[in-house]
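Peer 1: Okay, handing you the structure first.
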Amino acid sequence: MKYILMMNATKADFDWYAKWPKEDLQANFAFMHAFNKELKDSGVLVATEGLAWPDQAKIVRAGSDGAPVITDGPFPEAKEFLAGYWIVDVEGPEQAYRIAARASAAPAPEGTEGTMPIEVRQVMSGPPEELL
Amino acid sequence: MTREPLEVPADQLGRLLRELTPQVLGTVVRRFRDFAAAEDAVQEALLAAAMHWPREGQPDNPRAWLTQVAFRRMADHIRSESARRRRESEVALEATHTAEPTVFETALQEDDTLVLLFMCCHPALTPASAIALTLRAVGGLTTAEIAHAFLVPEPTMAQRISRAKQSIKNSGIPFQLPTAEERAERLRAVLHVLYLIFNEGYTSSVGPDLRRGDLSHEAMRLTRIVHHLQPPNQPEGTEVAGLLALMLLTDARRLARTGAGGELIPLAEQDRALWDRKEIAEGVALISDALPKGSVGPYQLQAAIAAVHDEAAQAGDTDWPQILALYDLLRRMSGNPMVALNHAIAAAMVHGATKGLELLDALKADARLADHHRLDAVQAHLLELSGDREGAVSHYRAAAGKTGSLPERNYLLTQAARLSSEHD
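This is the structure:
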């Protein structure tokens, strides 16, 4: 079963992260590097990507003539942007939750309240066998 | 009758097949004029060789063997097509009657590699298509290998390659050497594609690093082929040498460029003992030979700049006045705003940060640089040199918010964090 593990963050979260002390940043980079390698080596990683920050995020809709109509903010303060994700192929939801908890515990500066929330969703599969 | 099979080690076989691919494909395309079908036929011939040669030994003339098998496959292909299109097939079948490669074709083999490159790097194709097609048809890489190197699913890459072949077919691009007037422009397109392939492999620090690095080596191998095929005394030849030198002088720093955790290490802080002396020596020799020939182009200038960096035993020994002079020439030759940014850095190193910042101010009006992270990153670097830590921190962070490269973002955030902790 495939699950997507998503890191979401508000603009304020991104700004806060950009001000982390050097040691905390480096601990975080090192954790992510090792974590990704471990997921890959253990054979569960399908894909992982980090996204560029939302500074230049755009919302696109089709106009009446089908041409793109582009909005680039301002976005509501509380809006959460996707920061990055992992897609893992695992035995069941419990394994996905365990991996998500590991990602959630990624190093952060001392005194940070709580851990990073990770949104876990199942990736839809093809039709069940009897319908094929 | 029994002949002792010659041992053909797998990697040596792979290398030989990849060298022969463009020559055989060129010959088949020249004969049958159908690029897509020729490409399939050559792939089948390569597969047959990979199966038979290790068991039965390598034939005396591997190229003729492959060409013959590919010709036969083409004949099969035309026969099966003929069920649908009888009239056309008669003309085509006639061509297969003399399917043995002739002496004439053997003599043309080197030209054919070049013609194939001109075809794959045709300006009518998008860069992404030209890159994929070049790696497949000239480089002899499999679709799976190319997909892997570009981190896209294999069906996506297969589709990209097949659409590229279709565009070549639709555009009616002839399989022949460009005329003398066209030659320089078409060669520029080839060099640009090779340059893009090299950069794709060199600048990425994400994904499966080793495979990506192979792209750079493939680009160098192909550029080396073009370099050897260039007729001497052609003015364009010096730019080919320039590009090959630029690749060597850049690739020489590969091991020093990233740390154990994949983090970027800037030129000034690299451990120069890790630089590849052999590549540097070859690159310097190439560029030293090319420059005095007079037809100086952008690749030669970039190679010359890389050579100046590579020849400094320590960052502090860098001959910045010479680099500034070279960027001055390069800036006049190309309207590329990234060149202007590097020129500003060189000016700051020679005349001080204030001079560099002045030059940057003049660049801010350039629409191509608006919102580009490099502008903020260079501004941050120069502000740091000028002693304005707060300004530097804010520009490093702005650059981090805009970059599309994860290792670069990590680097920029680290720079900001380092300066703000010193500030406290």
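Protein chains in written order, with our numbering: chain S, 1 to 132; chain A, 1001 to 1424. Beta carbons are placed, not taken as given, at the ideal position from N, Cα and C, and that holds for glycine. Treat the numbers as computed from the prediction; the structure is a model and nothing was measured.
1) Can you name the residues that DSSP bridges to Trp86 (chain S)?
2) Can you look up Leu1264 (chain A) in the DSSP assignment and give me helix, strand or coil?
3) Tell me which residue opens and which closes the beta strand (DSSP E) that Pro68 (chain S) is part of.
4) Touching or not, the segment 1025 to 1032 of chain A and the segment 1046 to 1062 of chain A, by the rule of three or more beta carbon pairs under 8 Å?
5) By DSSP, does Ala62 (chain S) sit in helix, in strand, or in coil?
6) How many angstroms separate the CA atom of Met1349 (chain A) from the CA atom of Ala1303 (chain A)?
7) Chain S partners of Glu1154 (chain A), CB-CB under 8 Å?
8) What are the partner residues of Ile118 (chain S), as DSSP defines its beta bridges?
9) Mind checking Arg1409 (chain A): buried by the 16 CB within 10 Å criterion, or exposed?
10) Given that Trp20 (chain S) touches chain A, what residues does it touch there, using C-beta distances under 8 Å?
11) Hey, Ala1307 (chain A) and Ile1287 (chain A): beta-carbon distance below 9 Å or not?
12) List the residues of chain A that Asp41 (chain S) touches, going by C-beta distances under 8 Å, in chain order.
13) Say whether the segment 64 to 80 of chain S touches the segment 100 to 111 of chain S, bearing in mind that this needs 3 or more beta-carbon pairs closer than 8 Å, one atom from each stretch.
14) What's the C-alpha gap between Asn8 (chain S) and Ala1370 (chain A)?
15) Do Met1 (chain S) and Gly63 (chain S) count as a contact pair if the criterion is CB distance below 9 Å?
16) Among the candidates A:Thr1403, A:Ala1416 and A:Val1115, whose CA atom is the shortest distance from the CA of Gly50 (chain S)?
17) Assign Arg1073 (chain A) to buried or exposed, taking buried as 16 or more other Cβ atoms, counted over all protein chains shown, within 10 Å of its Cβ.
18) Tell me whether the beta-carbon of Arg1030 (chain A) lies closer than 9 Å to the beta-carbon of Val1115 (chain A).
19) Under a Cβ-count criterion, where at least 16 other Cβ atoms within 10 Å of its own Cβ denotes burial, should Pro1266 (chain A) be classed as buried or exposed?
20) Checking contacts by CB at 9 Å: is Trp53 (chain S) closer than that to chain A?
21) Hey, is Lys1402 (chain A)'s beta-carbon within less than 9 Å of any beta-carbon in chain S?
22) How big is the Cα-Cα spacing for Ser1420 (chain A) and Glu1384 (chain A)?
23) With a cut-off of 8 Å on the beta carbons, I'd call Ala1392 (chain A) and Ala1380 (chain A) a contact; round off their distance for me.
24) Buried or exposed, going by whether 16 or more other CB atoms sit within 10 Å of the CB of Pro1174 (chain A)?
25) Look up Leu1413 (chain A) in the DSSP assignment and say whether it is helix, strand or coil.
26) Starting from the N-terminal side, write out each stretch of the alpha helix (DSSP H) that is 4 residues or longer and does not extend beyond the segment 1159 to 1233 of chain A.
27) With DSSP as the reference, please indicate the residues paired to Thr1258 (chain A) in a beta bridge.
28) Given a threshold of 16 other Cβ atoms within 10 Å of its Cβ, counted over all protein chains shown, does Leu5 (chain S) qualify as buried or as exposed?
29) Could you say which of A:Arg1389, A:Thr1258 and A:Gln1322 lies nearest to Pro1407 (chain A) if we only look at CA atoms?
Peer 2: In terms of the structure at hand:
1) In DSSP, Trp86 (chain S) forms a bridge with S:Leu5 and S:Thr48.
2) Three-state DSSP puts Leu1264 (chain A) in a strand.
3) Pro68 (chain S) -> beta strand (DSSP E) spans Pro68 to Thr71.
4) Flag = no, the segment 1025 to 1032 of chain A and the segment 1046 to 1062 of chain A do not touch.
5) Under the three-state reduction of DSSP output, Ala62 (chain S) falls in the strand class.
6) Taken atom to atom, the span from the alpha-carbon of Met1349 (chain A) to that of Ala1303 (chain A) is near 19 Å.
7) The contact set of Glu1154 (chain A) on chain S, defined by CB atoms closer than 8 Å, is empty, because the minimum CB distance reaches about 14 Å.
8) For Ile118 (chain S), which the question treats as bridged, DSSP gives the partners S:Met7.
9) Burial is judged here by how many other beta carbons sit within 10 angstroms of a residue's own beta carbon; Arg1409 (chain A) has at least 16 and is buried.
10) Within chain A, Leu1413 and Ala1417 have C-beta atoms less than 8 Å from the C-beta of Trp20 (chain S), given in sequence order.
11) Between Ala1307 (chain A) and Ile1287 (chain A), the gap from beta carbon to beta carbon is short of 9 Å.
12) Residues of chain A passing the Cβ test: none, with the nearest at roughly 12 Å.
13) Taking 8 Å as the limit for Cβ pairs, the verdict is that the segment 100 to 111 of chain S does not touch the segment 64 to 80 of chain S.
14) Between the alpha carbons of Asn8 (chain S) and Ala1370 (chain A) lies a distance of about 28 Å.
15) Not in contact: Gly63 (chain S) and Met1 (chain S) (Cβ atoms no closer than 9 Å).
16) The shortest C-alpha separation from Gly50 (chain S) is found at A:Thr1403.
17) It is buried - the Cβ of Arg1073 (chain A) has at least 16 other Cβ atoms within 10 Å.
18) With contacts defined by Cβ atoms closer than 9 Å, Arg1030 (chain A) and Val1115 (chain A) form a contacting pair.
19) It is exposed - the Cβ of Pro1266 (chain A) has fewer than 16 other Cβ atoms within 10 Å.
20) Trp53 (chain S) has a beta carbon lying within less than 9 Å of a beta carbon in chain A.
21) Answer yes: the Cβ-Cβ gap between Lys1402 (chain A) and chain S drops below 9 Å somewhere.
22) Each residue's alpha carbon lies about 11 Å from the other.
23) That belief holds up - the Cβ atoms of Ala1392 (chain A) and Ala1380 (chain A) are roughly 5 Å apart, short of 8 Å.
24) Classification of Pro1174 (chain A): exposed, given that the 10 Å Cβ count is below 16.
25) Under the three-state reduction of DSSP output, Leu1413 (chain A) falls in the helix class.
26) Runs of the alpha helix (DSSP H) lying entirely within the segment 1159 to 1233 of chain A and spanning at least 4 residues, in chain order: 1180 to 1203 and 1209 to 1229.
27) Its beta-bridge partners are A:Leu1264.
28) Under this definition Leu5 (chain S) is a buried residue.
29) Closest option to Pro1407 (chain A), Cα to Cα, is A:Thr1258.
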